[in-house]
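When the letters of the sequence shown are read in order and numbered with our numbering, they come out as residues 11 to 224.
Here a beta-carbon is modelled for each residue, glycine too, at the ideal position from N, C-alpha and C.
Presented below is the structure to which this report refers.
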Amino acid sequence: MTIAATRTHAAIPTRALLACGAVSGPLYFLTAFAQAAVREGFDLTKHPASMLSNGDAGWIQVTNFLVTGVLMIAGAVGLHRRMESGRGSVWGPRLLGAFGVSLLFAAVFKADPGNGFPAGTGPATISTAGILHMAAGSIGFLSLIVATFVFASRFSREGHRGWAVYSRATGIAFFSAFAGITSGNANAVVMLAFWAAVLLAWGWVTAVIVRTAR
Numbered sequence: 011m012t013i014a015a016t017r018t019h020a021a022i023p024t025r026a027l028l029a030c031g032a033v034s035g036p037l038y039f040l041t042a043f044a045q046a047a048v049r050e051g052f053d054l055t056k057h058p059a060s061m062l063s064n065g066d067a068g069w070i071q072v073t074n075f076l077v078t079g080v081l082m083i084a085g086a087v088g089l090h091r092r093m094e095s096g097r098g099s100v101w102g103p104r105l106l107g108a109f110g111v112s113l114l115f116a117a118v119f120k121a122d123p124g125n126g127f128p129a130g131t132g133p134a135t136i137s138t139a140g141i142l143h144m145a146a147g148s149i150g151f152l153s154l155i156v157a158t159f160v161f162a163s164r165f166s167r168e169g170h171r172g173w174a175v176y177s178r179a180t181g182i183a184f185f186s187a188f189a190g191i192t193s194g195n196a197n198a199v200v201m202l203a204f205w206a207a208v209l210l211a212w213g214w215v216t217a218v219i220v221r222t223a224r
């Protein structure tokens, strides 16, 4: 096999991995919002997406976590290959990979039911699985937040000021929303802000991967 053929063979799977990462966010939210619209008792102003793992239809969200986690890890591998070849920092892709792994843990360890979901459920109780779910989510979200600043630094070095600002703004917004929901005062405004911030962060991931693929 010639060197050119080897390079072409290597480039094709890398693009495929990046494509997997690019669709992870849209798939996650399409699935989550579809469930939120039809699951009895679920309220965007009261419940995070992870609570959809409970109830008879909870397997849908569990599958959503598993599939998007695998897709995110694949995208991170693709980013790692592309950035490694360009002699850039590979910590950004590694952090996104850690975020993908946290989604797998979120599938295994379900969030505790409560606050009216599933329908008829009383106040939330804390279980071991619930604690592990929160721990995995915290590690994953913090990895994603740090990744935005790692990529911002890279973009700054490359002279892409707009992308650097976009990355830092995403990280700051997501950190603020995450701090709000973990403060213990998760009212309707805080919860909706968190949904918006997670959507913003997933959108940033997709944008960065698409930019890298191009």
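Threshold first: 4 residues or longer. Then list the alpha helix (DSSP H) segments lying entirely within the stretch 32 to 96, N to C. 68 to 95
Quick check on the burial criterion: 16 or more other C-beta atoms within 10 angstroms. Buried or exposed for L40? Indexing the sequence shown from 1 puts residue 40 at position 30. Looking at its Cβ environment, which holds fewer than 16 other Cβ atoms inside 10 Å, L40 is exposed.
Can T255 and R92 be called in contact, C-beta distance under 8 angstroms? Here the chain has residues from 11 to 224 only, and residue 255 is not among them.
Any contact between the stretch 184 to 199 and the stretch 23 to 41? By contact I mean 3 or more CB pairs, one from each, below 8 angstroms. no
Can you tell me where the alpha helix (DSSP H) with I191 in it begins and where it stops? On the sequence shown, residue 191 is found 181 positions in, with the first residue counted as 1. Element bounds for I191: R171 to I191.
With a cut-off of 8 angstroms, do at least 3 Cβ pairs link the stretch 167 to 177 to the stretch 141 to 156? no
Buried or exposed for D122, please, with buried defined as at least 16 other CB atoms from any protein chain shown within 10 angstroms of its CB. Stepping through the sequence shown from its first residue, residue 122 is reached at position 112. With 16 or more other Cβ atoms within 10 Å, it is buried.
Between the C-alpha atoms of I219 and A32, what's the straight-line distance to the nearest angstrom? Numbered from 1 along the sequence shown, position 209 holds the residue referred to as residue 219. Numbered from 1 along the sequence shown, position 22 holds the residue referred to as residue 32. For I219 and A32, the distance between alpha carbons rounds to 6 angstroms.
Across which residues does DSSP place F127 in a beta bridge pair? Walking along the sequence shown from the start, residue 127 turns up at place 117. For F127, which the question treats as bridged, DSSP gives the partners G124.
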